[in-house]
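Participant: I'd like to ask some things about the structure below.
In the working numbering, the protein residues as written are 24 to 599.
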C-alpha cells in the first residue's frame with residue numbers, strides 16, 4: 024500500500040485561504056483526471072468540504088507524489104503553490120488511513136462529533152467510482168472509513184461531544200446567554216439556499232421554535248420541496264418559499280438569516296443589510312432585544328430606526344428604495360450581488376464553489392461616510408486575520424441585536440463587513456472556527472480514538488495480506504499446472520490403468536502438493552499482514568520463479584471484482 028494524502032483544513036489554514044482554494048464540481052472532476060494522468064498516481068479521490076480540501080492517491084513514489092499532488096492542488100484551486108505550501112499537510116500509508124478514519128468519526132471536524140462528514144465521504148467515493156479514478160485501494164479505504172464512522176457514532180457518545188454546525192452556529196448567535204430554544208422561540212427566519220446544509224438549518228430552526236421560516240433559492244422547485252417538508256414536520260412552523268429577488272424585502276421582516284448557497288459572489292452585502300434595517304415598516308418596527316424571548320404580541324408602532332452616526336440619509340434612502348425594488352443602484356456605485364450567480368446548488372457542505380469573485384465594490388460612495396463595506400484588499404484581510412476575535416462578531420456597546428446572521432457558506436455568502444452595522448450580529452465559518460477551538464471535549468472522544476487505532480491496524484493488516492494474495496494464487500496455479508502435466512505423463516506411460524485408478528492417482532498427487540503448500544502459504548499470509556511484511560511476496564516470486572505477468576493478471580482480476588462489488592454496494596445504498 025502506498026496511500027498518500029495531501030491537503031489543507033481549518034486546522035492548518037486560515038478561513039480566507041480555504042475560501043480561495045475551494046473547488047467547484049468541475050474543478051474536482053478535472054483534478055481527479057489530471058491526478059490519474061500524473062506519473063506517480065494510480066488511483067485518486069478528492070474530499071472537499073466546508074473546512075477541508077484533501078487529495079488522496081495511490082502512488083509509487085513518495086517524494087514525487089507529494090510534489091505532484093501539491094502542484095495539482097495549487098493549479099486547480101487557483102492559489103499559487105508558494106502561497107498554498109505553508110498550509111499543506113501530508114500523510115502517508117498508515118498515517119493517511121488514520122487521518123481519514125479520524126475525519127470520518129468527526130474527530131477532525133470543526134465541531135467534534137458532527138456526522139455530516141460521512142455523507143461527504145460517501146459522495147467522494149461515489150465520484151471516484153463514477154469517474155473510475157478509485158481502484159481497489161481507495162474503494163476499500165473509503166468504504167472502511169464509512170464503516171468506522173458509523174461504528175464510532177453507534178458505539179460511543181461522540182455525538183454528545185458536539186453538535187451539527189447549524190446548532191453550534193445558532194448557539195454562537197445567542198452569545199451563550201440562553202438556550203437556543205428560548206432565543207429562537209417566536210422568531211421569523213430567512214434561509215437562503217435549499218441544499219443539505221440549508222435544509223438542516225431550516226429543520227433546526229423549526230425544531231427549536233421559530234414561528235416562521237422563509238426559504239429563498241435560485242431553483243424554485245427545491246425551495247418549494249423544502250417548505251413542504253417543513254410544513255409536514257409537525258413542528259407547527261409556518262413556512263413559505265420566495266424567489267431570490269424577494270430576499271431584500273424579506274430582510275426587512277425577519278429576525279434571523281441563515282445563508283448557505285453555491286454563489287461565487289456575495290449574496291448579501293453590507294449595503295443590502297443596512298438598507299433592510301433602514302427600510303423598516305412603521306407597523307412592525309424591529310426592536311428585538313439582543314436575546315429576545317417568545318413573542319406574545321406585535322410590538323407597538325414606533326418611529327423608523329435612527330440612522331447610525333455618520334451615514335448620509337440621502338444615500339441610505341436610495342439604498343433602501345433599491346432594496347425594496349430588488350434592483351441595481353449603479354448610479355450610486357454599488358454593484359449588487361443579491362441574486363447570486365448561476366450555478367448548481369450544493370447538495371452537501373458548501374466547499375465546491377470557486378473562490379469568491381465579484382464582491383460588491385464601492386466606487387462612487389465615500390466608504391468613510393457609509394461605513395458599511397469592509398476593505399477586502401489582501402492586506403486588509405490579512406490584518407483582520409491577525410486581530411483577536413472571539414466567537415460572534417457584534418457590537419459590544421449594548422446595541423440591541425435587530426438582525427442575526429449565520430453564514431455557513433464557503434466561499435462566504437455574507438459580507439464580513441456587516442458586523443460593523445449597529446444592531447447586526449454575524450456568525451460565519453471563521454468565527455465558528457475560533458469559537459470551537461475552546462469547546463470542551465467529551466470523554467467519549469478517547470473511546471473513538473481507540474476505535475480508530477484498532478481499525479487502522481486491522482485495515483493495514485488486511486491490505487498487506489491482500490497484497491500477497493495474487494502471489495499465492497499464482498503459486499497454486501503453477502502447482503496445479505505441474506500436477507496436470509505429471510498426471511498426463513503418467514497416463515501415457517501406464518495406458519492400462521482404468522478410470523478409477525487414474526482418478527485415484529490424480530487425487531493422490533494433488534493432495535501431496537496441497538499439503539506441501541498449505542503451511543507455507545498460510546504462514547506467509549500471516550507474516551505479510553505484519554508491518555514490514557511486504558517483502559514476502561517478492562521472496563515467493565523469486566523462490567518459485569513465478570511469472571510477474573501471471574501475478575499481475577491475478578491482481579487486475581481481483582481489483583476489477585472488488586470495484587464491481589463496491590459499485591453494487593453503492594447503488595443499492597442509494598436505492599434504499
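From the three backbone atoms N, C-alpha and C, an ideal C-beta is built for every residue, glycine too.
#1: Please state if the CB of residue 263 and the CB of residue 237 are separated by a distance shorter than 8 Å.
#2: Residue 380 to residue 483, Cα distance in whole Å?
#3: Which runs of the beta strand (DSSP E), 3 residues or longer, sit entirely within the segment 85 to 155?
#4: Assuming the contact rule is C-beta atoms closer than 8 Å, residue 278 and residue 212 should be a hit. Round their C-beta distance to whole Å, please.
#5: By a C-beta neighbour count over all protein chains shown, 10 Å radius and 16 as the cutoff for buried, is residue 242 buried or exposed?
#6: DSSP state of residue 29, grouped into three classes?
#7: Report yes or no: do the segment 282 to 293 and the segment 249 to 260 share at least 3 C-beta pairs separated by less than 8 Å?
#8: Using only the alpha-carbon positions, how far apart do residue 89 and residue 27 sit?
#9: Are the beta-carbon atoms belonging to residue 33 and residue 75 less than 8 Å from one another?
#10: Give the DSSP-derived three-state secondary structure of residue 76 in the structure shown.
#11: Under three-state DSSP, which class holds residue 513?
#12: For the alpha helix (DSSP H) that contains residue 221, what are its first and last residues?
#13: Considering only the beta carbon of each residue, do residue 267 and residue 229 sit closer than 8 Å?
#14: In terms of alpha-carbon separation, which member of 158, 509, 523, 35 lies closest to residue 535?
#15: Beta-carbon within less than 6 Å of residue 478's beta-carbon, same chain only, minus the 5 sequence neighbours each way: which residues are those?
#16: When you compare the segment 198 to 208 with the segment 153 to 171, are there three or more beta-carbon pairs, one atom per stretch, that lie closer than 8 Å?
#17: Give me the Cβ distance between residue 513 and residue 528, rounded to the nearest whole Å; I'm assuming they're in contact under 8 Å.
#18: Skipping 5 residues on each side, what residues in its chain have a beta carbon closer than 6 Å to that of residue 189?
#19: Take residue 246 and list the residues in its own chain whose beta-carbon comes closer than 8 Å to its own, dropping the five residues that flank it on each side.
#20: Going by beta carbon distance, what residues of the same chain come within less than 7 Å of residue 432, once the five residues before and after it are set aside?
#21: Measuring alpha carbon to alpha carbon, tell me which of 73, 67, 81 ends up nearest residue 36.
#22: Less than 8 Å between C-beta atoms, sequence neighbours within five positions excluded: which residues of the same chain meet that for residue 506?
#23: List the residues that DSSP assigns as beta-bridge partners of residue 64.
#24: What's the C-alpha gap between residue 153 and residue 54?
#25: What three-state label does DSSP hand residue 474 in the structure shown?
#26: Could you tell me the boundaries of the beta strand (DSSP E) in which residue 450 lies?
#27: Tell me the DSSP secondary structure of residue 36 in three-state form.
#28: Where does residue 46 fall in DSSP's three states?
#29: In whole angstroms, give me the CA-to-CA distance for residue 155 and residue 146.
#30: Take residue 165 as the anchor and find which of 178, 175, 521, 69 has the nearest alpha-carbon.
#31: Within a Cβ cutoff of 6 Å, which residues of the same chain sit near residue 449, ignoring the five residues on either side of it in sequence?
#32: With which residues is residue 282 paired in a DSSP beta bridge?
#33: Out of curiosity, what's the CA-to-CA distance linking residue 82 and residue 181?
#34: In or out: residue 143 buried (at least 16 other Cβ within 10 Å) or exposed?
#35: From residue 112 to residue 167, what does the alpha carbon distance come to, in whole angstroms?
Facilitator: The short version:
#1: Taking 8 Å as the Cβ cut-off, residue 237 and residue 263 qualify as a contacting pair.
#2: Low confidence applies to residue 380: its pLDDT is 31, below 50, so where it sits in the model is not reliable enough to give any reading.
#3: Inside the segment 85 to 155, DSSP marks whole beta strand (DSSP E) runs of 3 or more residues at positions 112 to 115, from first to last along the chain.
#4: Right, the Cβ-Cβ distance comes to about 7 Å (below 8 Å), so this counts as a contact.
#5: Counting Cβ neighbours within 10 Å, residue 242 comes out exposed, since fewer than 16 surround it.
#6: In the structure shown, residue 29 sits in a strand (DSSP, three-state: E or B).
#7: Segments in contact, no.
#8: Each residue's Cα considered, the two are about 8 Å apart.
#9: Cβ distance < 8 Å, so residue 33 and residue 75 count as in contact.
#10: Strand at residue 76.
#11: In the structure shown, residue 513 falls within a helical segment according to DSSP collapsed to helix, strand and coil.
#12: DSSP places residue 221 in the uninterrupted alpha helix (DSSP H) bounded by 219 to 230.
#13: No; because the gap between Cβ atoms is not below 8 Å, this pair is not in contact.
#14: Of 158, 509, 523, 35, the residue nearest in Cα terms is 509.
#15: 124, 171, listed in sequence order.
#16: The answer is no - the segment 153 to 171 does not touch the segment 198 to 208, with fewer than three Cβ pairs under 8 Å.
#17: Indeed, because the Cβ distance is near 6 Å, the residues count as touching under 8 Å.
#18: The residues are 223, 224, 227.
#19: Excluding sequence neighbours, residue 246 sits near 217, 238, 239, 240, 264, 265.
#20: Hits under 7 Å: 282, 283, 284, 373.
#21: By alpha-carbon distance to residue 36, the top candidate from 73, 67, 81 is 73.
#22: Cβ neighbours of residue 506 beyond the five flanking positions: 529, 532, 533, 536.
#23: DSSP output for residue 64 lists 82 as bridge partner(s).
#24: Whole-angstrom Cα-Cα distance: 14 Å.
#25: Helix, per DSSP.
#26: That run of the beta strand (DSSP E) goes 447 to 451.
#27: In the structure shown, residue 36 sits in coil (DSSP, three-state: anything other than H, G, I, E or B).
#28: DSSP places residue 46 outside both helix and strand once states are collapsed to three, so it counts as coil.
#29: Straight-line measurement puts the Cα of residue 146 at about 14 Å from the Cα of residue 155.
#30: Considering only alpha carbons, the answer is 69.
#31: Result list for residue 449: 416, 428, 441, 442, in chain order.
#32: Residue pairing by DSSP places residue 282 opposite 215, 430 in a beta bridge.
#33: Computed Cα separation, rounded: 33 Å.
#34: Buried: at least 16 other Cβ atoms inside 10 Å.
#35: Straight-line Cα distance between these residues: approximately 22 Å.
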